[in-house]
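Protein chains: 2
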Amino acid sequence: MSKEITSRAEDYSKWYNDLVVKSGLADHSAVRGCMVIKPYGYTLWENMRDVLDKMFKETGHVNAYFPLFVPKSLFEAEEKNAEGFAKECAVVTHYRLKTDPNNPGKLIVDPEAKLEEELVVRPTSEAIIWNTYKGWIQSYRDLPILVNQWANVVRWEMRTRLFLRTAEFLWQEGHTAHATKEEAITETTQMLDVYANFVENWMALPVVKGVKTPNERFAGAEDTYCIEALMQDGKALQAGTSHFLGQNFAKAFDVKFSDRENKLDYVWATSWGVSTRLIGALIMAHSDDEGLVLPPRIAPIQVVIVPIYKGEEQKAQIDAKVKGEIVPALKALGISVKYDDSENARPGWKFAEYEMKGVPVRIALGARDLENNVAEVARRDTKEKKAYSLDGLAQQISNLLNDIQSNIYNRALQFRNEHITPADTWEEFMDILENKTGFVAAHWDGTGETEDKIKELSKATIRCIPLDNKAEEGVCILTGKPSAQRVLFARAY
Amino acid sequence: MSKEITSRAEDYSKWYNDLVVKSGLADHSAVRGCMVIKPYGYTLWENMRDVLDKMFKETGHVNAYFPLFVPKSLFEAEEKNAEGFAKECAVVTHYRLKTDPNNPGKLIVDPEAKLEEELVVRPTSEAIIWNTYKGWIQSYRDLPILVNQWANVVRWEMRTRLFLRTAEFLWQEGHTAHATKEEAITETTQMLDVYANFVENWMALPVVKGVKTPNERFAGAEDTYCIEALMQDGKALQAGTSHFLGQNFAKAFDVKFSDRENKLDYVWATSWGVSTRLIGALIMAHSDDEGLVLPPRIAPIQVVIVPIYKGEEQKAQIDAKVKGEIVPALKALGISVKYDDSENARPGWKFAEYEMKGVPVRIALGARDLENNVAEVARRDTKEKKAYSLDGLAQQISNLLNDIQSNIYNRALQFRNEHITPADTWEEFMDILENKTGFVAAHWDGTGETEDKIKELSKATIRCIPLDNKAEEGVCILTGKPSAQRVLFARAY
Ligand SMILES: [Zn+2]
Ligand SMILES: [Zn+2]
């Protein structure tokens with residue numbers, strides 16, 4: 099059939115791209131590096147966003163909106179941050195087009211409409227937000243500020259991949275301001291926990307919580323906490339980050355507050371974000387050669403019902419059962435359901451289509467099934483098919499959706515746990531990366547130079563120092579110098 | 099007190115700006131013409147967005163997301179649309195900054211990172227979307243496409259005002275594709291009805307539904323339908339538009355489909371949008387010299403409770419009643435409530451603050467009130483105060499919120515109806531515009547030239563030809579030429 103996709107074994111990267119496009123999640127656009135998020139993909143994002151937004155609000159945050167553009171002079175104020183993003187900034191230099199005098203019907207940039215100061219399209223919003231917070235904060239009574247923003251950002255990328263790395267992407271960025279260092283650090287780790295909870299319990303994707311090495315920190319942060327997930331090809335993917343920014347941005351934008359003793363101090367900051375990149379992680383972690391496998395808790399459609407019939411009379415009987423009983427019963431349990439009785443396609447085509455789209459449960463219902471008071475229920479994760487009694491069907495389906503959610507998670511967890519491998523020599527280290535793949539737990543001497551050298555030789559980076567790491571004496575796999583703990587290396591997206 | 103605002107009588111325009119800033123809805127930013135939407139303002143926008151989004155989904159639409167940038171060659175493809183927006187386009191010309199060799203720590207645009215083709219920051223998305231639809235549509239089976247996008251757009255404005263006219267604003271833009279002209283027109287008017295329903299029943303703002311004259315059409319549309327509202331200063335404000343785009347964009351982007359008879363034809367299009375500008379309309383229609391007046395159905399906080407007490411013991415009694423009974427009872431009825439027992443401010447200050455913020459209902463509860471089993475309830479719209487029994491308080495408050503919603507609407511409706519004035523001569527016309535203000539219903543000879551001339555002489559534009567207009571013979575107020583109906587003129591935002 100026309101919708102076939104490349105298999106993972108044949109070309110993992112092509113499999114991924116085929117899957118994203120053919121399942122209707124997203125597509126390439128006419129704009130270099132920018133994607134179109136199609137309705138099915140956007141609904142998935144809405145589901146993820148709604149859960150996260152609720153979690154943010156439950157932890158005391160509110161949403162706001164800050165400008166898309168950052169004047170260059172503000173952008174460069176926090177030097178490390180500016181340096182980190184300068185190479186990937188889209189820059190607005192003009193504010194008008196005019197008719198091309200030499201080319202009727204065409205437009206050119208009006209050279210007379212050049213901006214006095216260029217505007218950077220936000221790659222992240224610390225600069226514009228901390229410049230704003232300056233006006234909001236005078237005293238400890240104005241703190242904390244717990245604000246989140248849902249927005250689009252632009253980071254110019256030379257090699258792009260749908261969802262994983264695009265020039266424009268959607269994300270949320272939390273930006274908080276605190277009176278004390280301790281409170282800011284607590285916020286940073288709290289939000290890391292929120293992300294881990296979301297990714298594990300909604301996206302069914304196990305993560306390692308850890309802290310980045312100085313080399314891998316967010317530009318302008320004092321500490322970057324992250325959650326790292328493992329994809330089916332054995333590469334790691336950073337699924338979310340939460341940054342303790344110290345007083346760096348407060349100093350860059352001169353944001354001070356007077357404390358209870360009326361003493362002036364710089365404000366403490368955090369920022370934290372996840373993006374549409376999470377959708378890429380979701381796809382690569384769970385899907386197979388037939389298409390997407392989506393966790394029920396965030397799937398755009400949880401259940402699809404396909405009628406199997408010959409003639410109007412059978413169709414009418416099935417319709418009555420589905421529309422009159424099954425759909426209302428499923429909806430009453432909060433289950434999203436689609437009854438696909440369109441006549442444009444045969445059942446086999448529909449089965450393949452919803453398999454491609456990763457709908458967790460498919461119910462097929464024929465005239466004979468009705469007589470026998472059963473329906474054929476297929477689960478997407480294991481492809482198992484079974485006859486279910488129509489009595490209490492909705493509750494059985496609800497239980498099945500929970501089973502699928504757990505099964506997908508447990509499968510990913512087992513895979514991940516099997517792919518955290520200790521290495522004690524450079525040879526072991528390289529062998530694991532090349533052959534077994536996954537995370538390698540190895541000793542490292544703690545210097546940026548060694549980290550760079552390892553990256554150069556192996557294409558693996560330190561994904562994180564796990565938060566629950568235990569102390570263990572050892573020697574660096576590259577330099578043989580002493581080390582107090584193992585860190586997690588991997589090749590990564 | 100520090101939060102006082104300019105009165106409407108003194109300076110309407112300054113009143114508006116003071117109100118937006120001091121109520122905490124939004125503020126100016128460091129970026130020319132761009133605003134910061136503060137948490138209180140953004141929550142209001144979320145409430146509006148959620149209602150609209152639900153209405154869009156109930157009418158069969160789905161959300162998607164298209165690129166922020168439009169390559170110049172696509173932007174100019176539909177000539178009228180391009181011409182209409184060319185003068186207000188922010189243009190990205192470069193994709194990198196680099197360190198300024200002459201100025202350590204500063205950045206400059208890297209001249210070597212000039213784009214081959216400039217990118218326009220979307221002022222509206224017809225071009226990028228119709229270029230995408232080309233890949234989605236082959237046959238009538240692919241139609242209709244009923245897609246909406248929530249996004250930021252940029253239109254460079256020289257004179258900006260918070261919410262009403264900003265360089266960047268938030269909006270939704272629906273873009274639909276249809277097999278027939280009739281279906282597209284039905285969609286256009288359906289969405290106009292959705293907007294009117296929302297603005298009247300949630301924002302409590304009566305509107306006139308009408309169609310624009312050719313002069314006032316959206317650039318690239320065959321017909322622009324609009325809803326027009328009246329502000330307290332007698333100026334009109336276009337609150338939403340729905341465009342029948344004919345086959346203009348399909349022709350510009352070569353989007354054809356084969357119909358049931360396998361005949362090729364261009365696809366029919368609509369687009370429709372409302373923006374954060376609606377918040378400006380909301381403010382100007384209902385608010386007063388003490389602050390915002392918000393309709394309960396979209397207010398971020400519907401009820402605020404302020405305790406009045408002396409000493410810990412009284413505070414504890416009030417706390418027990420409020421947290422144990424009143425708040426849960428209000429929440430059970432779906433009412434959003436804030437209990438402000440902060441010790442940073444006295445009750446009088448809080449009263450003024452929530453008046454400024456337009457919270458529809460304020461409940462003050464003191465120790466003596468508790469003894470008498472009553473609370474003092476103040477409604478924001480009329481400033482009326484009354485003792486309410488604590489028995490069944492939540493239900494009484496729920497009824498009161500409904501009353502307030504109706505009252506605000508009826509007040510605006512009466513004002514609007516009193517300000518639709520017929521004029522039969524030029525003198526009457528000018529007198530109404532200058533002195534009474536509001537809409538003027540007058541005959542017009544139907545030509546763009548006369549319309550331009552009237553605008554030049556009076557600063558009034560034709561807001562719309564009302565959909566429910568009745569035929570009436572008459573003569574044009576300017577030229578004396580024959581006319582078949584009155585149209586609505588006004589000075590406008
Ligand atoms: Zn393996
Ligand atoms: Zn009047």
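First to last, the sequence lines map onto chains B and E. Reminder that position 108 of the first sequence reads as 206 in the working numbering, one-by-one numbering, no gaps. Reminder that position 360 of the second sequence reads as 458 in the working numbering, one-by-one numbering, no gaps. We treat Cβ as the ideally placed atom computed from N, Cα and C, and that holds for glycine.
Do residue i and residue j have their CB atoms nearer than 7 Å?
| i | j | result |
| --- | --- | --- |
| residue 131 (chain E) | residue 265 (chain E) | yes |
| residue 274 (chain B) | residue 241 (chain B) | no |
| residue 297 (chain E) | residue 305 (chain E) | yes |
| residue 294 (chain E) | residue 379 (chain E) | no |
| residue 215 (chain B) | residue 203 (chain E) | no |
| residue 211 (chain B) | residue 194 (chain B) | yes |
| residue 246 (chain B) | residue 270 (chain B) | yes |
| residue 446 (chain E) | residue 389 (chain E) | no |
| residue 491 (chain B) | residue 383 (chain B) | no |
| residue 364 (chain E) | residue 402 (chain E) | no |
| residue 543 (chain E) | residue 504 (chain E) | no |
| residue 261 (chain E) | residue 377 (chain E) | yes |
| residue 530 (chain B) | residue 458 (chain B) | no |
| residue 164 (chain E) | residue 227 (chain E) | yes |
| residue 369 (chain B) | residue 237 (chain B) | no |
With respect to the alpha helix (DSSP H) encompassing residue i, which residues constitute its N-terminal and C-terminal limits?
| i | result |
| --- | --- |
| residue 570 (chain B) | First-last for residue 570 (chain B): undefined, no H or E at that position. |
| residue 499 (chain E) | 491–516 |
| residue 270 (chain B) | That residue, residue 270 (chain B), is in no alpha helix (DSSP H); its beta strand (DSSP E) goes 266–276. |
| residue 380 (chain E) | 375–384 |
| residue 113 (chain E) | 110–120 |
For residue i and residue j, what's the separation of their Cα atoms in angstroms?
| i | j | result |
| --- | --- | --- |
| residue 309 (chain E) | residue 285 (chain B) | 52 Å |
| residue 143 (chain B) | residue 560 (chain B) | 29 Å |
| residue 92 (chain E) | residue 123 (chain E) | Outside the modelled stretch of chain E, which goes from 99 to 591, sits residue 92 (chain E), for which no answer is possible. |
| residue 158 (chain B) | residue 320 (chain B) | 24 Å |
| residue 160 (chain E) | residue 153 (chain E) | 11 Å |
| residue 137 (chain B) | residue 317 (chain B) | 34 Å |
| residue 474 (chain B) | residue 404 (chain B) | 10 Å |
| residue 373 (chain E) | residue 533 (chain B) | 54 Å |
| residue 575 (chain B) | residue 334 (chain B) | 20 Å |
| residue 187 (chain E) | residue 550 (chain E) | 25 Å |
| residue 410 (chain B) | residue 344 (chain E) | 38 Å |
| residue 103 (chain E) | residue 257 (chain B) | 53 Å |
| residue 199 (chain E) | residue 213 (chain E) | 22 Å |
| residue 162 (chain E) | residue 134 (chain B) | 8 Å |
| residue 150 (chain B) | residue 107 (chain B) | 34 Å |
| residue 406 (chain E) | residue 277 (chain B) | 30 Å |
| residue 110 (chain E) | residue 481 (chain E) | 21 Å |
Which residues in the same chain have their Cβ closer than 8 Å to the Cβ of residue i, if we skip the five residues on either side of it in sequence?
| i | result |
| --- | --- |
| residue 471 (chain B) | 487, 488 and 489 |
Give every residue of the same chain whose Cβ lies closer than 7 Å to the Cβ of residue i, excluding the five residues on either side of it in the sequence, and list them in chain order.
| i | result |
| --- | --- |
| residue 175 (chain B) | 225, 350 and 351 |
| residue 468 (chain E) | 415, 416 and 419 |
| residue 166 (chain E) | 219 and 220 |
The beta strand (DSSP E) that contains residue i, what's its start and end?
| i | result |
| --- | --- |
| residue 184 (chain E) | Careful: residue 184 (chain E) lies outside any beta strand (DSSP E) and carries neither H nor E. |
| residue 357 (chain E) | Careful: residue 357 (chain E) lies outside any beta strand (DSSP E) and carries neither H nor E. |
| residue 323 (chain E) | 321–328 |
| residue 257 (chain E) | No beta strand (DSSP E) contains residue 257 (chain E), which DSSP labels as neither H nor E. |
| residue 403 (chain B) | 401–406 |
| residue 457 (chain B) | Unbroken run through residue 457 (chain B): none, as it is neither H nor E. |
Output needed for residue i: all residues of its chain with C-beta closer than 6 Å, excluding positions within five of it in sequence on either side, in chain order.
| i | result |
| --- | --- |
| residue 100 (chain E) | With a pLDDT of 46 at residue 100 (chain E), under the threshold of 50, the modelled position of this residue cannot be trusted; read the value that follows with caution. Nothing listed; no residue qualifies. |
| residue 506 (chain B) | 302, 384, 393 and 479 |
| residue 552 (chain E) | 576 |
| residue 396 (chain E) | 145, 146 and 300 |
Residues in the region 354–371 of chain B having any Cβ partner in chain E nearer than 9 Å: none
Please name the residues in the region 155–179 of chain E whose beta-carbon is closer than 8 Å to at least one beta-carbon of chain B, in chain order. 160, 161, 162, 163, 164, 165, 166, 167, 168, 169, 170, 172, 173, 174 and 177
Using a Cβ-Cβ cut-off of less than 9 Å, give me the residues of the region 132–143 of chain E that come near chain B, in sequence order. 132, 133, 134, 135, 136, 137, 138, 139, 140, 141 and 143
Mind listing which residues of the region 216–228 of chain E have their C-beta closer than 8 Å to chain B's C-betas, in chain order? 216, 217, 218, 219 and 226
Between the region 229–263 of chain E and chain B, which residues of the former have a C-beta closer than 8 Å to a C-beta of the latter? 229, 230, 233, 239, 245, 249, 250, 252 and 254
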